[in-house]
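Enquirer: Numbering (the numbering used here), first residue to last: 1 to 629.
All C-beta atoms, glycine included, are put in the ideal place defined by N, C-alpha and C.
Just dropping this structure here.
Now the structure itself:
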């Protein structure tokens, strides 16, 4: 059944019956079309698409896909020359591909475009929000719920009109978004996000195979580790004289029984309130047991250090234990959901969060390639460090990267000077070959400087550096001062970024994409407000790290686009299956691995050249039977 709805033509009622040929004939000559779907649920692997809507601001066709195939619309949907407007395109893309075997091209996503336009402003980005903001229309999304459980019943009049209005509004919103795209010169980044959304949709669609048996064994090991750490914590509490008051509170004992002989106390280590009570016996001024506070004290107090390890083990149990199986879709695979644009332009994922899978490979190795296929993964070598070097034009960094030196050791030598040179041992790999060495003092000094190098991309200050390195804040300040004395070009680069954000209330990433991030806590003359130091500090940090992280994200997204286009153009036995920041993961049929490793590396480096134009940023490719970092 197909329904025709018109805002310009006179109809006998709110809609009329139509044919699929009518829809094709109307849409085939259009340059821009709105597209939407309604589904039985959210899992595309087992919930069906039941309504498909297509048209423009004037006329819309509503297709009941329970009874009518959209196959005749294939050429239109797969055309690169006809723009198809979606809202949250990944959702519709996956359902269309799953139930019609059509991979949409020429996508314009009003959701993503709005995120680009208003990045950092924390506005509502749902279609309901956009309709209100752009059209002053109150969209009733409750009708959407009526599609669930519809079974074979026909659409109601409200459902048909609802489906048509979504298409009409999408077309109008696109036209209105164009003003801001033009005003802020966002054409390149809008094109980038609208192109890469298809790659993310393919990754979500393809999913990952999980070895559930190996995962369960790993869960058991981590549970045992957490239980053992809990017992160790209880023992440490009983043996610590500073905790006698706490122990006495929970154990009724006679005056002749030594505290160390009392073995039946059990602190509820999952209770922040009770844990805080324990630790306040050691650190009286402690006011919470969050991560930052614990990391600050862990190296000074063994009990707190043990608790941090316990929390880490418990996180593995809860986040990556049996509960993880709830994320298996109807096809028994893991299909994560990507959030394509964070404030810096970076990507995150959820349900499950695959970007937070522990990097020691024990968990990753549970994700396996099908028989006859292998994982082929590519990642950038020191991506963010290359961006910093390119942006700052620091001669030391550029020379080290160009000559393949160990950058962190090179920086450490300049920061520590005589201390570095005098602590070199016989056959020091750095002094002889400019490589990372195993000299004990060099390892420590290199770690200190490495922490700063990577911290530059995240706006690390002295407090964070002190916590990370377990040094005093004064020592952290001195180390940062010595660092920037050694690298004035980097300091100048970061200061320029920070001052720009504080002056103008936004920051841009590197050309050619020039993504913008707005600071909602900024206002004119913020400099003059003595109470605004915290806001200024926040703006300054974000202004420094956004261009670095954003540029890194943009080149990874460009690489994804190149790979997807190449795979589709030549119909290759390759599938995009995951991406984590600077890494892209594919599965490839074993007989094509040699060709694909070459092309994958080539496309990664081609994408990098758009931003880091000096050609120093390289990519490395690895092959395995499972997912690895």
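If residue 587 and residue 373 are in contact, beta carbons under 8 Å, what's the gap, nearest whole angstrom?
Expert: By one-based count along the chain shown, residue 587 stands at place 587. By one-based count along the chain shown, residue 373 stands at place 373. Confirmed, Cβ separation roughly 5 Å.
Enquirer: Residue 59 bridges to which residues according to DSSP?
Expert: By one-based count along the chain shown, residue 59 stands at place 59. Per DSSP, 6.
Enquirer: Taking only runs that begin and end inside the stretch 446-529, name each unbroken beta strand (DSSP E) of 3 or more residues, in chain order.
Expert: As far as the stretch 446-529 is concerned, its whole beta strand (DSSP E) runs of at least 3 residues are 506-508 and 516-518.
Enquirer: First and last residue of the alpha helix (DSSP H) that includes residue 142?
Expert: Here residue 142 corresponds to residue number 142 of the chain shown, with the count starting at 1. It is not in any alpha helix (DSSP H) - residue 142 carries neither H nor E in the DSSP assignment.
Enquirer: For my contact list, residue 82 and residue 76 are in at a C-beta cut-off of 8 Å; report their separation, rounded to the angstrom.
Expert: Translated into the one-based positions of the chain shown, residue 82 becomes position 82. Translated into the one-based positions of the chain shown, residue 76 becomes position 76. Indeed they touch by this definition, with Cβ atoms about 6 Å apart.
Enquirer: Quick check on the DSSP output: the alpha helix (DSSP H) that includes residue 15 runs from which residue to which?
Expert: As a position in the chain shown, residue 15 is number 15, starting the count at 1. Note, residue 15: premise wrong, no alpha helix (DSSP H); not H, not E.
Enquirer: Could I get the ranges of all uninterrupted beta strand (DSSP E) runs contained in the stretch 549-613, with 3 residues as the minimum, in chain order?
Expert: Listed in chain order, they are 574-580 and 583-589.
Enquirer: Can you grab the Cα-Cα spacing for the pair residue 254 / residue 222, in whole Å?
Expert: Along the chain shown, read from residue 1 onward, the residue named residue 254 stands at position 254. Along the chain shown, read from residue 1 onward, the residue named residue 222 stands at position 222. Caution is warranted here: a pLDDT of 48 is assigned to residue 254, below 50, making its placement in the model unreliable, and no coordinate value can be reported.
Enquirer: In angstroms with no decimal places, state the Cα-to-Cα distance between residue 95 and residue 13.
Expert: Numbered from 1 along the chain shown, position 95 holds the residue referred to as residue 95. Numbered from 1 along the chain shown, position 13 holds the residue referred to as residue 13. Their backbone Cα atoms lie some 31 Å apart in a straight line.
Enquirer: Quick one: is residue 377 buried, meaning 16 or more other Cβ sit within 10 Å of its Cβ, or exposed?
Expert: Against the chain shown, residue 377 aligns to sequence position 377. Classification for residue 377: buried.
Enquirer: Taking its Cβ as the centre, do 16 or more other Cβ atoms sit within 10 Å of residue 219, making it buried, or is it exposed?
Expert: To locate residue 219, count along the chain shown from 1; it is residue 219. Buried.
Enquirer: What alpha helix (DSSP H) runs, 4 residues minimum, are completely inside the stretch 317-404?
Expert: Those alpha helix (DSSP H) runs which fall completely within the stretch 317-404 and span 4+ residues are 383-392 and 395-403.
Enquirer: Near residue 394, what residues of its chain come up, given a Cβ to Cβ distance below 7 Å and the 5 sequence neighbours on each side ignored?
Expert: Looking up residue 394 in the chain shown gives position 394. Taken in chain order, the residues that qualify are 487, 489 and 490.
Enquirer: Alpha carbon to alpha carbon, how far is residue 407 from residue 401?
Expert: Mapped onto the chain shown, residue 407 falls at position 407. Mapped onto the chain shown, residue 401 falls at position 401. The straight-line gap from Cα to Cα measures roughly 7 Å.
Enquirer: Using beta-carbon positions only, say whether residue 103 and residue 217 come within less than 9 Å of one another.
Expert: For the purposes of this step, residue 103 is identified with residue 103 of the chain shown, where counting begins at 1. For the purposes of this step, residue 217 is identified with residue 217 of the chain shown, where counting begins at 1. The answer is no: Cβ separation not under 9 Å.
Enquirer: Spatial neighbours of residue 508 within its chain, please: CB distance less than 6 Å, with the 5 preceding and 5 following residues excluded, ordered by chain position.
Expert: For the purposes of this step, residue 508 is taken as the residue at position 508 of the chain shown. Excluding sequence neighbours, residue 508 sits near 514 and 516.
Enquirer: Straight-line CA distance for residue 52 to residue 184?
Expert: On the chain shown, residue 52 is found 52 positions in, with the first residue counted as 1. On the chain shown, residue 184 is found 184 positions in, with the first residue counted as 1. The straight-line gap from Cα to Cα measures roughly 34 Å.
Enquirer: Span of the beta strand (DSSP E) holding residue 78?
Expert: By one-based count along the chain shown, residue 78 stands at place 78. First-last for residue 78: undefined, no H or E at that position.
Enquirer: Kindly indicate which three-state DSSP category residue 110 falls into: helix, strand or coil?
Expert: If you number the chain shown from 1, residue 110 lands on position 110. Three-state DSSP puts residue 110 in a helix.
Enquirer: Please report how far the alpha carbon of residue 55 lies from the alpha carbon of residue 567, in whole angstroms.
Expert: Stepping through the chain shown from its first residue, residue 55 is reached at position 55. Stepping through the chain shown from its first residue, residue 567 is reached at position 567. The straight-line gap from Cα to Cα measures roughly 30 Å.
Enquirer: For residue 4, is the classification buried or exposed, using 16 other Cβ atoms within 10 angstroms of its Cβ as the cut-off for buried?
Expert: Translated into the one-based positions of the chain shown, residue 4 becomes position 4. Per the 10 Å Cβ criterion, buried.
Enquirer: Touch check for the stretch 225-239 and the stretch 310-326: three-plus C-beta pairs under 8 Å?
Expert: Contact between the stretch 225-239 and the stretch 310-326 is present, because at least three Cβ pairs lie under 8 Å.
Enquirer: Kindly indicate which three-state DSSP category residue 53 falls into: helix, strand or coil?
Expert: Position 53 of the chain shown, counted from the first residue, corresponds to residue 53. Three-state DSSP puts residue 53 in a strand.
Enquirer: Which residue's Cα is closest to the Cα of residue 519: 543, 529 and 512?
Expert: Locating residue 519 in the chain shown gives position 519, where the first residue counts as 1. Ranking 543, 529 and 512 by Cα distance to residue 519 puts 543 first.
Enquirer: How is residue 315 classed by DSSP in three states: helix, strand or coil?
Expert: On the chain shown, residue 315 is found 315 positions in, with the first residue counted as 1. Residue 315: helix per DSSP, three-state reduction.
Enquirer: Taking the alpha-carbon of residue 100 as reference, which of 50, 137 and 144 has the nearest alpha-carbon?
Expert: Walking along the chain shown from the start, residue 100 turns up at place 100. The candidate whose alpha carbon is nearest that of residue 100 is 50.
Enquirer: For residue 134 and residue 173, which I take to be in contact (beta-carbon distance under 8 Å), what is that distance rounded to the nearest angstrom?
Expert: Start at 1 with the first residue of the chain shown, and residue 134 comes out as number 134. Start at 1 with the first residue of the chain shown, and residue 173 comes out as number 173. Confirmed, about 5 Å.
Enquirer: DSSP beta-bridge partners for residue 33?
Expert: Your numbering for residue 33 matches position 33 in the chain shown. Beta-bridge pairing links residue 33 to 84.
Enquirer: Leaving out five residues on either side along the sequence, give the residues of the same chain with a beta carbon under 8 Å from the beta carbon of residue 364.
Expert: The residue labelled residue 364 in the question sits at position 364 within the chain shown. Contacts found: 357, 358, 626, 627, 628 and 629.
Enquirer: Counting only the same chain and skipping the five closest in sequence on each side, list residues whose C-beta sits under 6 Å from that of residue 449.
Expert: The residue you call residue 449 lines up with position 449 of the chain shown. Around residue 449: 408, 411, 412 and 415.
Enquirer: Using only the alpha-carbon positions, how far apart do residue 528 and residue 496 sit?
Expert: Along the chain shown, read from residue 1 onward, the residue named residue 528 stands at position 528. Along the chain shown, read from residue 1 onward, the residue named residue 496 stands at position 496. C-alpha separation (whole angstroms): 19 Å.
Enquirer: Going along the chain, which residues of its own chain have a beta-carbon closer than 8 Å to the beta-carbon of residue 30, five neighbours each way excluded?
Expert: Within the chain shown, the letter at position 30 stands for residue 30. These residues qualify, in order along the chain: 56 and 82.
Enquirer: Can you say whether residue 178 is buried or exposed, counting buried as having 16 or more other CB atoms within 10 angstroms of its CB?
Expert: Walking along the chain shown from the start, residue 178 turns up at place 178. Looking at its Cβ environment, which holds fewer than 16 other Cβ atoms inside 10 Å, residue 178 is exposed.
Enquirer: Look at the alpha carbon of residue 439 and the alpha carbon of residue 573, and state the distance between them as a whole number of angstroms.
Expert: Position 439 of the chain shown, counted from the first residue, corresponds to residue 439. Position 573 of the chain shown, counted from the first residue, corresponds to residue 573. Approximately 47 Å, taken between the alpha carbons.
Enquirer: Helix, strand or coil, according to DSSP, for residue 253 in the structure here?
Expert: Here residue 253 refers to the residue found at position 253 when the chain shown is read from its first residue. At residue 253 the pLDDT is 49, less than 50, meaning the model places this residue with poor confidence; the figure from the coordinates comes in the next sentence. It is coil, neither helix nor strand.
Enquirer: In whole angstroms, give me the CA-to-CA distance for residue 456 and residue 48.
Expert: Counted from its first residue, the chain shown places residue 456 at position 456. Counted from its first residue, the chain shown places residue 48 at position 48. Computed Cα separation, rounded: 47 Å.
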